[in-house]
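Under the UniProt record's numbering, think of the first position of the sequence shown as 1, with each following residue one higher. Taking it in order: structure first as structure tokens, then the write-up.
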Amino acid sequence: MKIGLYFGSFNPIHTGHMIIASFMAYHTDLDKVWLVVSPHNPLKASSSLLNEHHRFHLAEMAVQDEPRLRVSNIEFSLPRPSFTIDTLTYMTEKFPTQQFVVIMGSDSFQNIPRWKNYEQLLANYEIYIYNRPGHEVKDTFGARVTIVDAPLLDISSSNIRKWVQEGKSVRYMVPDPVWKYMAENNYYKG
Numbered sequence: 001m002k003i004g005l006y007f008g009s010f011n012p013i014h015t016g017h018m019i020i021a022s023f024m025a026y027h028t029d030l031d032k033v034w035l036v037v038s039p040h041n042p043l044k045a046s047s048s049l050l051n052e053h054h055r056f057h058l059a060e061m062a063v064q065d066e067p068r069l070r071v072s073n074i075e076f077s078l079p080r081p082s083f084t085i086d087t088l089t090y091m092t093e094k095f096p097t098q099q100f101v102v103i104m105g106s107d108s109f110q111n112i113p114r115w116k117n118y119e120q121l122l123a124n125y126e127i128y129i130y131n132r133p134g135h136e137v138k139d140t141f142g143a144r145v146t147i148v149d150a151p152l153l154d155i156s157s158s159n160i161r162k163w164v165q166e167g168k169s170v171r172y173m174v175p176d177p178v179w180k181y182m183a184e185n186n187y188y189k190g
């Protein structure tokens, strides 16, 4: 089985994430897409991160009716900070019959030389890249890359958090069960 791994903080998961994950699952040769909730991105500040178990639960609610999408908390049990190559190595050992592909935006791919052991990642894993405006892929660093022309929604988790703190509605920007649960639990209100 060919599984796309879509890594992210998902802080919170939003409609833009869902569009990318669903498009990759239904419009490429991937059999499934796993959204891998990262406890902490080593390249980002963690001050505004909702607890990882809450983010995982929100992501699970978002994909509950999508048979080709699933959420993984595999990084919760790995040493921190979690680095993509370490997670991939662990998953390849744990699921030897699966073929894993990394899903990322072109903005993240441009920064891949900053990643731990990125050469190992590029040598051993195929990468599906969705283009982000202003971040065209010019150098593939010798990787096996597939550019996927996925539809993009101009939305970000940081804006969603900001709008929630300002008391503005984010309905329709996050999946409905996520919106309801965030409101019930006062997530991101500050």
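Don't be surprised by glycine CBs; every beta carbon is placed ideally from N, CA and C. Computed from a predicted model, the values in this text were never measured in an experiment.
With contacts defined by Cβ atoms closer than 9 Å, residue 84 and residue 32 do not form a contacting pair. The beta-carbon separation of residue 101 and residue 5, rounded to 7 Å, stays under the 8 Å limit for a contact. Between the alpha carbons of residue 98 and residue 36 lies a gap of roughly 16 Å. Distance between residue 73 and residue 131, taken at the CA atoms: about 26 Å. Within the same chain, Cβ atoms closer than 8 Å to the Cβ of residue 171 are found at 179, the five residues on either side in sequence being excluded. DSSP places residue 162 within a helical segment (H, G or I) once states are collapsed to three. Residue pairing for residue 126: DSSP places it in a beta bridge opposite 101.
Cβ atoms of residue 127 and residue 118 stay farther apart than 8 Å, at about 11 Å.
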